[in-house]
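Report on the structure given below.
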Amino acid sequence: MSAYIALADGRVVEGRSRAPGTDRGELVFTTAYTGYEESLTDPSYAEQVLTFSYPLIGNYGVRSERFESDAVTPRVAIAREFTDDVADWLASEGVPAVDAVDTRELVTAIREQGAMRCGVAAGPDATPEQAREQLDQCVEMSDHVDIGAQVSVDEPQVYEGSGPRVALLDCGAKQSIVDSLTARGAEVHVMPYDSTPAAVAEREPDLVFVSNGPGDPANFEAAGEVVDEFAGETPIAGICLGQQVVARSLGGATEKMEFGHRGLNQPVRDLETDRVIMTTQNHGYSVADPGDLAVTQVNVNDGTAEGLAGVDIDVLTRQYHPEANPGPHDSLDFFDDVLDLADCRTPAVVSD
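Last residue of the sequence shown: 352 in the UniProt record's numbering, with the numbers rising by one and none dropped.
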């Protein structure tokens, strides 16, 4: 069965349909060669079309215990070759899948022109015109103003623990973040992305944690209001989108990257120790101005901010994913550091 990918630059790329359907999104790529189950269930890929640069996806099957959420979140998946296990999984989830594509061509287009809108049509009756129709309906990532509602919990969820109480604002949180906190004894209250400061205060948190998530951090205003209210009173942490939200709330600014950072091999340098670690990343926006915070870590390749800290107000954030599964695990001590902050402070009281 045929498949067609209509790109915003006017090209239409032909491939093979492995799971039928039509859809659209921002075309991005990941360099990860393992962890395809984690990538395909990462909520940060909402409203995107995920291209794998590694040529064979599915060589160790599909196991639900590796999932980061309960659904496949990219709108479409593309690879040079999908195994039957992955293709059948994507079909069962209703997610179009395309392979037999020269993914080098797609990756090169993204590297040279930036992440771009695209439309996809796959299946026995697919046509290039259908793919172009999907492209015409595709909007920019910053225009997905309600994207948080797609990936967040509707009601608070509590994971019991005997340690510090963490209010985790779920802007699209990976399950591995919750697991990393609970493994250290934390009591984790997963809160909807649009929770009010008063709702968070009712949980009497020792730590406010803003999660990863998809899209433009400017569209997560409620999470920013929580940061504003608790900053200086309760320790605050953030990962990925969470770093961006925290920075914006504390006088900083963010910007759209040309093609983002996505993969398992992003080198990060700590400015205090001069140590370089390898990290997993998945984001299309970055912190352009840290505001009241200090940049503590930078990306070796392009110098973008990878870590921020506010010593006087107990703020610690990372742009990359310290909880990364299947790895690397160079930065797991981040969770120890933020929980140490929580042990040193008393919860804030926020009035209505």
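Where a beta carbon is used, it is the ideal one built from N, C-alpha and C, also for glycine.
Note that this is a predicted model, so its numbers are computed, not measured.
Three-way DSSP call (helix, strand, coil) for residue i in this model
| i | result |
| --- | --- |
| residue 153 | coil |
| residue 282 | strand |
| residue 23 | strand |
| residue 350 | With a pLDDT of 42 at residue 350, under the threshold of 50, the predicted position of this residue should be treated as unreliable, though the coordinate-derived value follows. Reduced to three states, the DSSP call for residue 350 is coil. |
| residue 307 | strand |
| residue 45 | helix |
| residue 50 | strand |
| residue 207 | strand |
| residue 13 | strand |
Inter-residue spacing [alpha-carbon to alpha-carbon] between residue i and residue j
| i | j | result |
| --- | --- | --- |
| residue 255 | residue 241 | 12 angstroms |
| residue 36 | residue 57 | 7 angstroms |
| residue 167 | residue 279 | 25 angstroms |
| residue 9 | residue 53 | 20 angstroms |
| residue 119 | residue 38 | 24 angstroms |
| residue 169 | residue 205 | 12 angstroms |
| residue 252 | residue 208 | 19 angstroms |
| residue 188 | residue 182 | 7 angstroms |
| residue 101 | residue 87 | 15 angstroms |
| residue 329 | residue 275 | 14 angstroms |
| residue 176 | residue 3 | 34 angstroms |
| residue 151 | residue 172 | 5 angstroms |
| residue 99 | residue 190 | 37 angstroms |
| residue 185 | residue 162 | 6 angstroms |
| residue 123 | residue 134 | 14 angstroms |
| residue 288 | residue 271 | 17 angstroms |
| residue 12 | residue 128 | 7 angstroms |
| residue 342 | residue 225 | 20 angstroms |
| residue 22 | residue 305 | 37 angstroms |
| residue 295 | residue 301 | 16 angstroms |
| residue 62 | residue 291 | 43 angstroms |
| residue 17 | residue 144 | 27 angstroms |
| residue 308 | residue 70 | 31 angstroms |
| residue 121 | residue 96 | 8 angstroms |
| residue 43 | residue 282 | 10 angstroms |
| residue 85 | residue 1 | 18 angstroms |
| residue 345 | residue 235 | Since pLDDT at residue 345 reaches only 45, below the 50 mark, its modelled position is unreliable, and no value is offered. |
| residue 239 | residue 55 | 29 angstroms |
| residue 178 | residue 159 | 8 angstroms |
| residue 332 | residue 164 | 18 angstroms |
| residue 324 | residue 273 | 22 angstroms |
| residue 105 | residue 260 | 17 angstroms |
| residue 174 | residue 136 | 31 angstroms |
| residue 60 | residue 264 | 17 angstroms |
| residue 193 | residue 213 | 10 angstroms |
| residue 303 | residue 80 | 31 angstroms |
Under 8 angstroms between C-beta atoms of residue i and residue j
| i | j | result |
| --- | --- | --- |
| residue 90 | residue 51 | no |
| residue 266 | residue 320 | yes |
| residue 47 | residue 75 | yes |
| residue 318 | residue 298 | no |
| residue 322 | residue 334 | yes |
| residue 220 | residue 148 | yes |
| residue 45 | residue 73 | yes |
| residue 201 | residue 313 | no |
| residue 6 | residue 131 | yes |
| residue 199 | residue 338 | no |
| residue 246 | residue 315 | yes |
| residue 180 | residue 222 | no |
| residue 103 | residue 78 | yes |
| residue 228 | residue 249 | yes |
| residue 258 | residue 114 | yes |
| residue 24 | residue 138 | yes |
| residue 30 | residue 262 | yes |
| residue 141 | residue 284 | yes |
Unbroken alpha helix (DSSP H) run spanning residue i, endpoints
| i | result |
| --- | --- |
| residue 38 | 36-40 |
| residue 200 | 197-201 |
| residue 6 | Taken as a continuous stretch (DSSP letters only), residue 6 belongs to no alpha helix (DSSP H), being part of the beta strand (DSSP E) at 2-7. |
| residue 341 | 333-343 |
First through last residue of the beta strand (DSSP E) which encompasses residue i
| i | result |
| --- | --- |
| residue 316 | 315-318 |
| residue 230 | Note, residue 230: premise wrong, no beta strand (DSSP E); alpha helix (DSSP H) at 221-230. |
Proximity test, residue i beta-carbon vs the ligand ATP heavy atom, cut-off 7 angstroms
| i | result |
| --- | --- |
| residue 204 | Ligands displayed in this structure: none; no statement on the ligand ATP is therefore possible. |
Within the stretch 235-300, ranges of the beta strand (DSSP E) (whole runs, at least 3 residues): 236-239, 253-270, 276-289 and 294-299
Start-end ranges of the beta strand (DSSP E) lying completely within the stretch 55-108, minimum 3 residues: Counting whole runs of 3 or more residues, the stretch 55-108 contains the beta strand (DSSP E) stretches 76-78 and 97-99.
Runs of beta strand (DSSP E) lying entirely within the stretch 112-198, each at least 3 residues, in chain order: 116-123, 157-159, 165-170 and 187-192
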